[in-house]
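Okay, structure first, notes after.
Numbering (this note's numbering), first residue to last: 382 to 575.
Written out as structure tokens, the structure is:
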């Protein structure tokens, strides 16, 4: 009986060891492209609403969403800390808490896609759109939409061909996690991750 337990324990231990690794999870960057230092704390960023950004600095202010310098330095710090992760999970919410219009959403996703690709060129990225990654916010369509088409093109190096086509249909996809286990981008469909 103890020999069987030992063998089962060894098999289970081997399975656990084979599933270990390192990855980055990027979420809620909320880049505010309007962030700009000013002598007038009311003019620093649109994402503060009516609140003054009284302590604004080059890396941001509590009242504002993230300036580019904060995002840029964070991604490069990730590279310094863990230069070769097994993969990256990027779960969206990239735009600021401000109504900047639909024309701002795609350039924000594009710039963030570019920096992640540039800093981690050989790393598989599992990306998802958040509720702030559409205009109006929290109203991602359940079916095909131009924003899904354009985002799928931006993410094409990260998506398998079938995943790219599925993403265009509704902003979600399913892929194998490093060809080992399942990963599902629930997107707007509220399905559990596998």
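Quick reminder that beta carbons are idealized off the backbone N, C-alpha and C, glycines included.
Notebook entry, point to check: Name the DSSP bridge partner or partners of residue 405?
Noted result: Beta-bridge pairing links residue 405 to 469.
Item checked: In DSSP terms, what residue 438 is bridged to -> According to DSSP, residue 438 bridges with 441.
Margin query: Restricting to Cα atoms, I'd like to know which of 552, 454, 421 and 435 is closest to residue 493.
Written below: Minimum Cα distance to residue 493 is reached at 454.
Checklist line | CB-CB length for residue 536 against residue 497, believed under 8 Å | finding: Between residue 497 and residue 536 the Cβ distance is about 10 Å, and since that is not below 8 Å, they are no contact.
Notebook entry, point to check: What number of angstroms, rounded off, separates the C-alpha of residue 546 from the C-alpha of residue 462?
Noted result: Going by C-alpha positions, residue 546 is about 34 Å away from residue 462.
Notebook entry, point to check: What three-state label does DSSP hand residue 508 in the structure shown?
Noted result: In the three-state scheme derived from DSSP, where H, G and I count as helix and E and B as strand, residue 508 is classed as strand.
Next item on the list: Alpha carbon to alpha carbon, how far is residue 531 from residue 556? Give it in angstroms, no decimals.
Entry: Rounded to the nearest angstrom, the two C-alpha atoms are 20 Å apart.
Check: Can you give the Cα-Cα distance for residue 595 and residue 401, rounded to whole angstroms?
Finding: An answer regarding residue 595 cannot be provided, because it is not within the stretch 382 to 575 covered by the chain.
Next item on the list: Pull up the CB-CB distance for residue 474 and residue 513, whole angstroms please, since I reckon it's below 8 Å.
Entry: Indeed, because the Cβ distance is near 5 Å, the residues count as touching under 8 Å.
Check: Using the C-alpha atoms, what's the distance from residue 440 back to residue 433?
Finding: Taking the CA atoms as reference points, residue 433 sits about 16 Å from residue 440.
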